[in-house]
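J.: Residue numbering for the sequence shown follows our numbering, starting at 1 and increasing by one per position.
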Amino acid sequence: MNILMELYFLIISVFLLFYIFLFVDCETTTISSQISTHITDDGIKERQKRDENDDDSDDEDEEVNDNDSNSREKRKKKGPKVRKVWDRWSKWSECSVSCGIGKQTRWRHCIGGECAPGEKEAQIKTCVMPPC
């Protein structure tokens, strides 16, 4: 009887995992706010912070400039969340150095949803080349 119960729970667990994988959107978010960083075609780094728990009923964008002249911050309050649609990631760039520790970058462009013109997103990883 114990073997049948264990088998039953195993089957149910596998079914639930497949259901979650196929039908549940598993975005990484935080409870209080969501921050995303994008670089526009004109080279401006743009950070957007969306407060999920804000009770204000009106939508507003508040733009804040920090010390970096090539960045601006937009704080978007409330309003419906519109998912962005992204194309595939590009191939990783060559390592930024020929020896030592450098960086590689890859990009993807926003192609639908609530996108700014020319909006793209970057991923950066470390690359290790032979010692100098």
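All C-beta atoms, glycine included, are put in the ideal place defined by N, C-alpha and C. Just so it is clear, the structure is predicted and the values come from calculations on it, not from any experiment.
Grouping DSSP H, G and I as helix and E and B as strand, with all else coil, what is E6?
T.: Here E6 sits in helix by DSSP.
J.: Tell me which same chain residues have a C-beta within less than 6 Å of the C-beta of K125, skipping the five on either side of it?
T.: Once the five neighbours on either side are set aside, the close Cβ partners of K125 are Q104.
J.: Near V128, which residues of its chain fall below 6 Å by C-beta distance, leaving aside the five closest residues on each side in sequence?
T.: So the qualifying residues of the chain are I101.
J.: Can you tell me where the beta strand (DSSP E) with E107 in it begins and where it stops?
T.: Reading off the sequence, residue 107 comes out as Trp, not Glu. From DSSP, the beta strand (DSSP E) with W107 extends over 101-112.
J.: Using only alpha-carbon positions, find the residue among C95, S96, S13, R106 that is nearest to D87.
T.: Of C95, S96, S13, R106, the residue nearest in Cα terms is R106.
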